[in-house]
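Here's the structure we're looking at; comments come further down.
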Amino acid sequence: MWCQFRSQLSSLVRENFNLKSVAGVRSYLESRSKVSAIINARIALAIAIKYKQHCVRHVVMVGEEGYLAGVVTPNNLLHALDPVEMHANVELLEHTVAEQTQELMTVNERLQKEAILRTEVEEQLRLLNENLEEQIKQRTLELIRANSQLKQEIAERAIAESEVRRLNAELEQRVAERTAQLAASNAELQQEISERRLLEEKLHFSENKVRAIFEAMTDIVLVLDRRGNVEVLPTNTAAFGEADLDLVNQTIAHFFDDENPDNWWLVIQQVLDTRETFNFDYSLKVGGREVWFAACISVLSKDAVIWVARNISLRKLAESALCKKMKN
């Protein structure tokens with residue numbers, strides 16, 4: 000206000016108003032418009048009050064050239080104001096103050112409403128902030144649990160992968176060992192196959208050899224066991240000169256002939272019990288004549304023997320002729 004006062008005084012000095020007298024101040028106030036006069040009156044009144052508050056007796060005014068322009072005192076200001084005009088200014092000021100007070104009250108109410116609204120908004124924001132913080136805490140706990148579970152799963156997976164690698168290495172070792180075993184078994188099998196092929200060749204050769212031997216034999220060859228089974232081995236019995244006669248069948252039939260005084264099964268049983276070869280001669284009636292055989296029974300296995308019967312008819316005839324000749 001003091002600065003404004005000095006500014007007003009300076010303007011008065013620049014406009015060459017005589018502030019040394021009351022008439023000069025009044026003439027300055029009358030030169031303004033009504034609104035400006037009211038404002039300047041308010042300023043003058045306020046300046047006078049400031050004079051009293053600050054115990055200022057006078058203010059020396061200096062022009063732009065630095066010369067003394069005048070001296071302003073509180074009495075100069077108060078005498079320069081018309082009482083009626085001053086009263087009107089006071090009423091106008093009171094009305095203005097009332098309007099401004101009403102405006103201030105309206106603004107205050109609006110500000111209070113805005114403050115209440117802002118308080119409500121801040122409360123909502125606080126609640127939202129608390130809710131958000133709670134959600135963040137909950138989400139953080141969930142993330143911590145998920146992270147812990149993920150770490151546990153990673154650790155378990157690492158253990159599982161380590162176990163898988165161990166099992167894979169063990170499996171590879173087993174596969175290698177099994178492959179080596181299979182290779183060895185394959186080599187053994189190949190060797191066994193080669194040996195069996197050799198044995199088959201030898202057996203085939205032996206079979207051919209035995210077959211050739213049996214085909215060259217003119218004897219009756221039988222295989223007999225304890226259960227009474229009879230197996231005939233193929234020999235060339237047609238070389239007996241008795242091709243029209245089945246000597247083998249008659250020999251077999253003789254084993255099962257109840258009227259045969261010689262029980263040949265007892266002889267078979269004796270050979271199996273003693274494990275010793277037994278030789279004897281026997282004859283068959285074939286076509287009204289007698290055919291002689293020399294039988295040789297030998298052990299073939301635990302429960303079987305081989306019967307080899309050779310035709311000795313010619314030898315018997317020679318012996319009979321020799322006996323007759325010797326008797327004569």
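Just so you know, numbering that gives the first Met the number 0 puts 200 at position 201 of the sequence shown, and the rest follows in order with no gaps.
Heads up, the beta-carbon is just placed ideally off N, CA and C, and yes, glycines get one too.
Please classify residue i: does DSSP put it in a helix, a strand, or coil?
i, result
"Lys136", "helix"
"Arg173", "helix"
"Lys284", "strand"
"Lys33", "In this predicted model, Lys33 has a pLDDT of only 39, less than 50, meaning its place in the structure is not dependable; the value taken from the coordinates is given anyway. Three-state DSSP puts Lys33 in a helix."
"Arg314", "helix"
"Arg309", "strand"
"Asn278", "strand"
"Ser319", "helix"
"Gly23", "Note on Gly23: pLDDT 47, under 50, position unreliable in the model; no value is reported."
"Ser161", "helix"
"Asn17", "Per-residue confidence for Asn17 stands at a pLDDT of 47, beneath the threshold of 50, marking its modelled position as unreliable; the derived number appears in the next sentence. Coil, per DSSP."
"Gln180", "helix"
Start and end of the beta strand (DSSP E) containing residue i?
i, result
"Asp272", "Asp272 -> not in any beta strand (DSSP E); alpha helix (DSSP H) instead, spanning Trp263 to Thr273."
"Phe292", "Arg288 to Val298"
"Asp224", "Ile219 to Asp224"
Measure how close the beta-carbons of residue i and residue j come, nearest whole angstrom, since I'm counting them as under 8 Å.
i, j, result
"Val222", "Ile296", "About 11 Å; that fails the 8 Å criterion."
"Gln269", "Phe277", "7 Å"
"Thr250", "Leu271", "The Cβ separation is near 19 Å, so there is no contact."
"His253", "Trp263", "7 Å"
"Asp224", "Ala303", "4 Å"
"Val307", "Leu246", "Rounded, the Cβ-Cβ distance is 14 Å, inconsistent with contact."
Where do the N-terminal and C-terminal ends of the alpha helix (DSSP H) with residue i fall, by residue?
i, result
"Ile251", "Leu246 to Phe254"
Flag residue i as yes if its beta-carbon sits less than 7 Å from any beta-carbon of chain D, otherwise no.
i, result
"Glu169", "Note that chain D does not occur in the displayed structure, where there is just one protein chain."
Just tell me which of the options has its CA closest to the CA of residue i.
i, options, result
"Leu299", "Leu316, Ile251, Val220 and Glu318", "Val220"
"Lys301", "Ile267, Ser184, Lys201 and Ser147", "Ile267"
"Ser281", "Lys315, Glu133 and Ser319", "Checking the displayed sequence, the identity of residue 281 turns out to be Tyr instead of Ser. Answer by Cα proximity: Lys315."
Three or more C-beta pairs closer than 8 Å, one from the stretch 283–302 and one from the stretch 310–318: is that the case here?
Segments in contact, yes.
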